[in-house]
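Notes to accompany the following structure.
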Amino acid sequence: MCQNIISGRFHNACGHFEPMSTSRQDCMRPDCIFSSRHEHPGGQRYQSASRAPVVDVRSGCKCARMMAQPIRNPIRVSPARCANCLERDRATV
-10 MCQNIISGRF HNACGHFEPM STSRQDCMRP DCIFSSRHEH PGGQRYQSAS RAPVVDVRSG
50 CKCARMMAQP IRNPIRVSPA RCANCLERDR ATV
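For the sequence shown, position 45 (counting from the first letter as 1) is numbered 34 according to the working numbering, and the numbering increases by one without interruption.
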């Protein structure tokens, strides 16, 4: 399945992740609607079966219509706590 890759800063002290940019990884499967290789032969219809994947009622498509969970890619690692944790600590004092 295709998936989003979220790049950002990871804070070691508090374990929080701050996203900075997002990109998409292509699975290159012809049955995934998010893939650049997705294709439908003209006029093709599938018969639905009890074990079949989710079928689009309008077109009869058995293509994968969900993406995998996003992956967090820490491109920067900070030993300090994040701004939200510091702000919360200041408010409680």
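Even glycine gets a Cβ: it sits at the ideal position worked out from N, Cα and C.
Query                                                                                                                                            : Result
In angstroms, rounded to a whole number, what distance separates the CA positions of His5 and Ala69?                                             : 11 Å
When the Cα of Ser12 is compared with those of Arg61, Arg26, Arg18 and Ala53, which residue comes out closest?                                   : Arg61
Given a cut-off of 8 Å on the beta-carbon distance, is the pair Met55 and Asn(-7) in contact?                                                    : no
Could you tell me the alpha carbon to alpha carbon distance between Val82 and His27, rounded to whole angstroms?                                 : 56 Å
I'd like the list of long-range same chain contacts for Asp20, defined as Cβ closer than 8 Å, with 5 residues on each side in sequence excluded. : His27, Lys51, Cys52 and Ala53
Along the chain, where does the alpha helix (DSSP H) containing Glu7 start, and where does it finish?                                            : No alpha helix (DSSP H) holds Glu7; the beta strand (DSSP E) holding it covers Phe6 to Gln14.
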